[in-house]
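Colleague: Heads up: the sequence shown begins at 1485 in the working numbering, then just goes up one per residue. Even for Gly, the Cβ is constructed at its ideal location relative to N, Cα and C. Just so you know, these numbers come straight off a predicted model, no measurement behind them. Below is one structure. I have some questions about it.
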Amino acid sequence: MPVSPTPTSTPTTAPPAPPATDRLLLRSVRRGDLAAVTRLWTDPQVRHHLGGPVTEPVVRIRQRRIVGAAGFHAVIRAEDDVLLGLVTVEPGARNGETEVSYQFLPEYWGRGYAREAVGAVVARVLESTPSVVAVTQEANDRSRRLLEAVGMEHAESFVEWDAHQVLYRQRRD
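As structure tokens, this is what we get:
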């Protein structure tokens, strides 16, 4: 999955309001979400392509900063209010382009939730910006397929964080 920006970043402009889909609600992170969000930061499966689990001191800092933070969207399954993952929108993050990143808990992988949430967020971002990008490790085949499924195209490859990365981009039609 793409590398998520840390909750310490401050967007220069407010991101668009989070969308909803038939199965999902995207909303600001709430205090009650912290246990699930902390799992996203510390689960070895989730963090496999993200540099490994986050250390406890960093988790504590993130927990204090993410609740209600602009651009961080808890992905909630509408039928039972369960948090499935996190989608982040960071305007101007990469060479002035808005970057989308995401993490989902492993028990919800393979059910189309990430594709649905990321696709809705990308579509919403493109309503107000000319392009959106996402970065993932070259070795993360699942994430690459997801980005292609939502209409993003491979734009460039590079090394960052000591790993081969790929940048995907989608432009507004």
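Tell whether a beta-carbon distance below 8 Å holds between Ala-1543 and Thr-1572.
Modeller: Note on residue identity: the sequence assigns Val, not Ala, to residue 1543. No, the Cβ-Cβ distance between Val-1543 and Thr-1572 is not below 8 Å.
Colleague: Roughly how far, in whole angstroms, is the beta-carbon of Leu-1508 from the beta-carbon of Glu-1600, given that I think they are within contact range, below 8 Å?
Modeller: Indeed, because the Cβ distance is near 6 Å, the residues count as touching under 8 Å.
Colleague: Rounded to a whole number of angstroms, what is the C-alpha to C-alpha distance between Pro-1590 and Gly-1603?
Modeller: So the two alpha carbons sit approximately 19 Å from each other.
Colleague: Roughly how many whole angstroms lie between the Cα atoms of Arg-1656 and Thr-1526?
Modeller: Going from the Cα of Arg-1656 to the Cα of Thr-1526 covers about 35 Å.
Colleague: List in chain order: all unbroken alpha helix (DSSP H) runs of 4+ residues lying wholly within the stretch 1514-1544.
Modeller: Runs found: 1518-1526.
Colleague: Please report how far the alpha carbon of Pro-1489 lies from the alpha carbon of Glu-1574, in whole angstroms.
Modeller: Residue confidence for Pro-1489 is low, a pLDDT of 47 falling below 50, so the modelled location carries little weight; the figure read from the coordinates is stated next. So the alpha carbons of these two residues sit roughly 8 Å apart.
Colleague: Can you give me the start and stop residues for the alpha helix (DSSP H) that Arg-1628 sits inside?
Modeller: Arg-1628 -> alpha helix (DSSP H) spans 1625-1633.
Colleague: Hey, would you say Val-1584 sits closer than 8 Å to Ala-1618, going by beta carbons?
Modeller: Contact flag set, yes.
Colleague: Within 10 Å of its beta-carbon, does Arg-1548 have 16 or more other beta-carbons around it, so buried, or fewer, so exposed?
Modeller: Arg-1548 comes out exposed.
Colleague: Determine the closest residue to Ser-1612 out of Glu-1640, Tyr-1597, Gln-1649 and Glu-1581, with distance taken between C-alpha atoms.
Modeller: It is Glu-1581 whose Cα lies nearest to the Cα of Ser-1612.
Colleague: In its own chain, which residues sit with a C-beta less than 7 Å from the C-beta of Val-1634, not counting the 5 before and 5 after it?
Modeller: Result list for Val-1634: Arg-1599, Val-1602, Gly-1603 and Val-1606, in chain order.
Colleague: Identify whether Val-1619 lies in helix, strand or coil by the three-state DSSP scheme.
Modeller: If DSSP states are grouped into helix, strand and coil, Val-1619 belongs with the strands.
Colleague: How many angstroms separate the CA atom of Gln-1621 from the CA atom of His-1648?
Modeller: Roughly 6 Å between the two C-alpha positions.
Colleague: Rounded to whole angstroms, what is the Cα-Cα separation between His-1533 and Leu-1631?
Modeller: Using only the alpha carbons, I get a separation of about 15 Å.
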